[in-house]
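Peer 1:
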Amino acid sequence: LPQQFQLSIFLDQQSRNARAVVAEDDKQELWEVEDLIESCSKIARQLAEE
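Numbering (the working numbering), first residue to last: 785 to 834.
Below, the structure written as structure tokens:
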């Protein structure tokens, strides 16, 4: 369980980093990043439920 918790934290950080990249680089499509964030959040929730 601790490993799963660490992974969910990592995924949350990755999604925050992705948002920061978009804030700095308008060339990247926002919807792509939002899809990535949604995927990371979904995985984190699944891990938290296990």
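Cβ atoms here follow ideal geometry from the backbone N, Cα and C, with glycine treated the same way.
Note that the coordinates shown come from a computational prediction; the quantities given were computed from them, not determined experimentally.
Assuming contact is defined by CB atoms lying nearer than 8 angstroms, are Arg-803 and Val-817 in contact in what I supplied?
Peer 2: yes
Peer 1: For Leu-791, I'd like the list of residues in its chain whose CB is within less than 7 angstroms of its CB, leaving aside the five on either flank, ordered along the chain.
Peer 2: Leu-831
Peer 1: From Arg-829 to Ile-821, what does the alpha carbon distance come to, in whole angstroms?
Peer 2: Just so you know, the alpha carbons of Arg-829 and Ile-821 end up roughly 12 angstroms apart.
Peer 1: Report the residue from Glu-834, Glu-833 and Gln-798 whose alpha carbon sits nearest the alpha carbon of Ser-823.
Peer 2: Gln-798
Peer 1: Return the chain-ordered list of same chain residues with a C-beta closer than 8 angstroms to the C-beta of Gln-788, the five sequence neighbours on each side being excluded.
Peer 2: Leu-831, Ala-832 and Glu-834
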